[in-house]
Structure formats: structure tokens, C-alpha cells
Amino acid sequence: MKDVTVDGSRLRSTLEELARFGATASGVSRTSFSAADAEARAWLRAEVEASGLSLRTDGIGNLFVTVAPAGATDAPAVWTGSHIDSVPDGGRFDGALGSMAALEVVRRLTEADVPLRRPVTMVVFADEEGCYHHLLGSTALVRPFPPDELAALRGRDDDLLVDALGGLGWDVAAAGRTAVPAGSVHAFVELHIEQGAVLETSSADIGVVTSIVGMGGGRLEFTGRADHAGTTPMAMRRDPLRGAGEFLAQLPDITASISETAVATCGIIGVEPGGANVVPALARLQLDFRDVRREAIEDLETALVAAASDAAGRHGLEVTHTRDSITDPAPLDSGLQDLIESVAAGRGHSTRLMPSGAGHDAQNMSRLAPTGMIFIPSTGGRSHSPAEHSSWADVEAGANVLLGTVIALATR
Ligand code: HGY
Ligand code: MN
Ligand code: MN
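When the letters of the sequence shown are read in order and numbered with my numbering, they come out as residues 3 to 414.
Here it is, written out as C-alpha cells:
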């Protein structure tokens, strides 16, 4: 079979087109199920259909495009893809790269009439960035969300996921029926920017991911009492931000007490009712915490909740905790690491084996099928910021390693 490669200039234009949806000054704000996300989904459907392919959306909003081999087959498909949602004021490459490269893969397989022995499916996972739950779409592929868990999921604006899905005109009940059986996927491969500086500092072209960090999350609500900011003496207040602030100041010590690799972040704080001259009645903290071992994440969660409870007690507050389910750390498939290394080497690229400190849908997919990830360098290691950047040469190189890997998996 002759060498099939991606169309680098088309890949660049699809990435640039996608970046129009939710565009900020130099990045994108395209959180899942927002108006910008809905526009991007509609654009993607039109792109797929213009290529003579069709796009299917499951109940939670994952998108699928399948290229089937000639003749009927019930062989499990090779999946590849990523996500098109972004963090608020994020970059143009996180998730977009792996999604648009997957579009390029299904386009090239069709155009070049590659003799497939099994289907290839492009997948775009919903809400990877966890506006409602980290890795929402891939989690919903691995296990069904029970209706009560689904009904309790809230976004960063405190809106309900079920309202967001209903607002798009989707059947909310279908959101709990998206799990796919283990064995129905032959392999999963995701291309992504590194989001760190390991490749750049080691001058390697391609990262071959060995494992992905595990993630926990949840919400703490400290409740006190609203009072007048001018007339209530400091000693008489029950200000929930005092407890919340004291708790946050302890995060470095709490993580250090668990392990050297543990991290914990609060990226969203809200106070209610929210008046400059009102002692708040409620302070809400959204937490993200990670480590390389499941037991360490569980211990970290226990330590965080205990510290919150102690801080609340010291300030006469109540605190409630709503947990997100933990996404397990995941070792990736060694056979796929070997395959990616050999495809990259065959294209003249240097490679480096490395773990991922960022979460990816691949860690859920690894429970369904052998899974591999390909990283390309991120300039300055910057990500989750409009400063996110990778060169077009690296984008094309990564996409060709992805295409070569998918072709190897789907033709033998
Ligand atoms: O949060 C993460 O690590 C990923 O970028 N969603
Ligand atoms: Mn991200
Ligand atoms: Mn990502």
C-alpha cells in the first residue's frame, strides 16, 4: 500500500475554522453545551457531510463518524478523536488538534480508498474539560450515569446539566444510556498537544504516552450568615469566606501530606448573594485534585474534606461536600506505545516515552480497549491559556503519526 499522509494545509484550515467558534482575543471560550459549542457542532456536521460521511450524536453529546470497510463486518472499530470543548479563555489546540486530526484521518481513509479490515470511527467526546463533570462524555461511554447522579450535575455557572441538554433539544433520558460494551472497540488512539515543556526541552518530536494521571473533583459549600458590611462587628460575623480562605491556604500542606505528586486546585469560587457591602451567606469552591495512584486520590479527598470541616468549625460555619466520581489513573497499552514509536521512527521523528499530568478521555477509553496517546510539543509548555501554541509542522507530523497508527491498526 502506498504511503498515505494527511493534507496538512486542510488540517490547518479546519483548525483555524474551528477556532472561530467562541473566539476570544487570541484563544477560544467554548465550554461544552454553550452556544459556541452548539455552533461548532453544527459546523462540524456540515464538514463531515460535505465529505460524504455522516455524523451521529449519542445521548450525552459524544459525536461519531465511521468509515466502514467494503462489505459487511461486525469487527470492532478502531477509534480516534479528542474533544472540541475548551476551558474558559483557553487555547486553540487543546482537544481541537486530536479532533480535527481525526477528521483528517477519516477523510484520508475515504479519499485514498485505504483497504480497511475493520471500521475506523472518529469520536469527539462531550465536555472533556468538565464544565459539568471531568471527562463527562468518555465517562458516560464506560459506565451509564444513573438518573439521580445525572440530575445533580451542575456546571460552572451553577446550571444543571440536564437543563443544558434539554436546552439543545436533546432527550435527557438518553444521556444515561450511552455506555458501550467492552470489546466493542478494537483500539483507541488520541493525538494531543503535550501541554507541558518536556518535549520542547528534550528536543523530541513526538511524545508516546505511558500513563495518565487520575482525577477527582467536587464542590464545597461553606454556609454562614448574610449581614451588613458596615454595622456588623468583625467578631459577630459568620463569614463563609473566612472558612473557605483558611481551607484554601492549606492546600499545599494537604497535598504534600499525601505524596510528592499530588496536586489540588480551586479554579472557581462563588459567593452569595454577591454584594460588595454584604457579608456573604455562602461560599462555593470547585475543586480539582489529582495523583498518579487511585488510593492517593481517595486519601487526598478524605484529607480535603476533613480540612474543610475543621476550617468551618473554627469559624462557626456549616460545610457540605458534593463529590464527583474519581477518574482512575491509567497505564496505556504497551503494544500501542511500540506501534506509535515505530510509526514515528518510520517518518523520521524522534520520540520520547512520557506520562501525562493532564487528564484525557483516553484514560476512560483504556478501560474499553487498548489505548495509546501521541503528544506533540507545546511552545513554552503553555496550555489552558490563549498562549497555547504548537507549530504547523508539528501539527502535521503528529497527524501523520496518528494516521499511520490508525492505518496499521485497521488494516491488519
Ligand atoms: O483538566 C485536564 O487535565 C484536561 O485538560 N481536561
Ligand atoms: Mn484541557
Ligand atoms: Mn484536552
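Heads up, the beta-carbon is just placed ideally off N, CA and C, and yes, glycines get one too.
Quick caveat, the model's predicted, so the values are computed rather than measured.
Given serine 344 as reference, the closest of Val408, Trp81, Ser358, Asp293 once Cα atoms are compared: Val408
Give the straight-line distance between the Cα atoms of valine 122 and glycine 169, rounded to the nearest whole angstrom. 31 Å
The region 385-394 touching the region 192-201, judged by at least three CB pairs closer than 8 Å: yes
Helix, strand or coil at threonine 75 [DSSP, three-state]: coil
On a Cα-Cα basis, can you pick out the residue from Ala206, Ala77, Leu152 that is closest to threonine 381? Ala206
With a threshold of 6 Å on Cβ separation, who are the neighbours of leucine 338 within its own chain once the five nearest residues in sequence on each side are excluded? Pro372, Gly374
Glutamate 300 - containing alpha helix (DSSP H), residue span: 296-316
Which residues bound the beta strand (DSSP E) around proline 357? 353-358
Who are the near neighbours of alanine 2 in its chain, counting only those whose CB is closer than 6 Å to its CB and skipping five residues on each side? Because the chain is modelled from 3 through 414, residue 2 falls outside the range shown and cannot be assessed.
Run through the DSSP bridge pairs and tell me what glutamine 288 is partnered with. Arg221, Ile270
Can you tell me whether serine 31 sits near ligand 3, meaning its C-beta is under 7 Å from at least one heavy atom of the ligand? no
Pairwise C-alpha distance: alanine 264 and glycine 359: 10 Å
Can you name the start and end residues of the alpha helix (DSSP H) that valine 164 belongs to? 163-169
So, is arginine 239 buried or exposed, given that buried needs 16 or more other C-beta atoms within 10 angstroms? buried
Does aspartate 115 come out as helix, strand or coil in the three-state DSSP assignment? coil
Should the region 51-61 be regarded as contacting the region 70-79, the criterion being three or more beta carbon pairs within less than 8 Å? no
Simplified DSSP assignment, three categories, for proline 254: helix
At the level of alpha carbons, what is the spacing between threonine 33 and glycine 216? 22 Å
Is the beta carbon of arginine 354 sitting closer than 8 Å to the one on serine 204? yes
Looking at the strands, I want to know which residues DSSP matches up with tryptophan 81. Thr123, Phe190
Comparing the CB of glycine 361 with every heavy atom of ligand 1, is any distance shorter than 7 Å? yes
Asparagine 402 burial status per 10 Å Cβ neighbour count (16 or more: buried): buried
Going by Cα to Cα distance, which pick from Ala25, Leu17, Gly29, Gly24 is closest to glutamate 390? Gly29
Report the three-state DSSP secondary structure of alanine 228 (helix, strand or coil). coil
Ligand 2: which residues have Cβ under 6 Å from any of its heavy atoms, chain order? Val89, Asp96, Glu131, His386
By a C-beta neighbour count over all protein chains shown, 10 Å radius and 16 as the cutoff for buried, is alanine 309 buried or exposed? buried
Closest residue to isoleucine 86 among Ala181, Leu138, Thr324 (Cα-Cα distance): Leu138
Between serine 53 and proline 379, what straight-line distance do the alpha-carbon atoms span, to the nearest angstrom? 30 Å
Note down the Cα distance separating proline 331 from alanine 364, rounded to an integer number of angstroms. 10 Å
For histidine 317 and serine 101, the rounded distance between their alpha carbons: 48 Å
By Cβ distance, which residues of its chain are closer than 8 Å to arginine 296, with the 5 residues on each side in sequence left out? Gly216, Ile328, Asp330, Pro331
Distance check for alanine 27 and leucine 334, CA to CA, integer angstroms please. 36 Å
Is any non-hydrogen atom of ligand 3 found closer than 7 Å to the C-beta of serine 34, if you look at the structure I gave you? no
Starting from the Cα of arginine 325, find the closest Cα among Arg244, Asp340, Phe291 and give me that residue. Phe291
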